[in-house]
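This report concerns only the one structure given below.
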Amino acid sequence: MTLEVKNIVFNRKKTNLLIVICLILSALIFFLDLQTPLGVADGICYMTVVLLTIWIPDRKFVYFFALLGIGLTVAGFFFSFHIQKMGMEIPNRIISIVGIITAAIIIFLYKRSQEQMLRTREALEMAHRDLQFSAEEL
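Sequential numbering from 285 applies to the sequence shown in the numbering used here.
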């Protein structure tokens, strides 16, 4: 197995592990959300899951885990077993959702800039090779 193939296999395993970690963490946060009384802003913990997607190469997982966090934040409101005053519950959920969206936007913009830098680097390397080839012909 060549070094390049080993790196691809390692990166795929690392990516799969991160996806599993994000899914498990999301489930744990949801369980925590169901166990804590209404009014506690534990939905903001889903930001951690979204921030972990910075190490997952595919941008679609940023969207997936952001939407999952938002969905579980809303579901936590409806499925929570604690019935108390809900005066602060809706604002806390809104703050959590805004935090999740903000984290997703930051990660999305970061990944987009990384992809642009990679494309620029590849273009520069190709131009450099072309210049070297032209210089050799002279």
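In this text, a Cβ means the ideal position worked out from N, Cα and C, and glycines have one as well.
If you compare alpha carbons, which of the options is closest to residue i?
{"i": "Ile-384", "options": "Ile-328, Leu-393 and Phe-361", "result": "Ile-328"}
{"i": "Val-304", "options": "Phe-315, Val-324 and Phe-345", "result": "Phe-345"}
{"i": "Asp-326", "options": "Lys-298, Phe-361 and Tyr-347", "result": "Phe-361"}
{"i": "Ile-313", "options": "Ile-379, Ala-387 and Gly-353", "result": "Gly-353"}
Rounded to whole angstroms, what is the Cα-Cα separation between residue i and residue j?
{"i": "Leu-407", "j": "Thr-332", "result": "The question names Leu, but residue 407 in the sequence shown is Ala. Answer to the nearest angstrom: the Cα atoms are 35 Å apart."}
{"i": "Ala-411", "j": "Cys-306", "result": "40 Å"}
{"i": "Val-324", "j": "Thr-337", "result": "25 Å"}
{"i": "Tyr-330", "j": "Glu-409", "result": "39 Å"}
{"i": "Ile-389", "j": "Asn-295", "result": "24 Å"}
{"i": "Ile-308", "j": "Tyr-394", "result": "24 Å"}
{"i": "Gly-355", "j": "Asn-300", "result": "22 Å"}
{"i": "Ile-391", "j": "Pro-321", "result": "31 Å"}
{"i": "Ala-359", "j": "Glu-399", "result": "34 Å"}
{"i": "Ser-397", "j": "Leu-302", "result": "22 Å"}
{"i": "Arg-413", "j": "Phe-315", "result": "55 Å"}
{"i": "Lys-298", "j": "Leu-415", "result": "37 Å"}
{"i": "Ile-378", "j": "Thr-386", "result": "12 Å"}
{"i": "Thr-286", "j": "Phe-417", "result": "Here the model assigns Thr-286 a pLDDT of 47, short of 50, so the residue's position is not dependable, and the following value carries that caveat. Their Cα atoms are separated by approximately 28 Å."}
Does the distance from the C-beta atom of residue i to that of residue j stay below 7 Å?
{"i": "Val-334", "j": "Ala-350", "result": "yes"}
{"i": "Ile-466", "j": "Thr-357", "result": "A query on residue 466 cannot be resolved here, the shown segment of the chain reaching from 285 to 422 and no further."}
{"i": "Ser-364", "j": "Leu-318", "result": "yes"}
Can you find a heavy atom of the ligand NAP that lies under 6 Å from the Cβ of residue i?
{"i": "Ile-354", "result": "The ligand NAP is not part of this structure, which contains no ligands at all."}
| request: Report yes or no: do three or more beta-carbon pairs, one from the stretch 374-386 and one from the stretch 337-345, lie closer than 8 Å? | output: no
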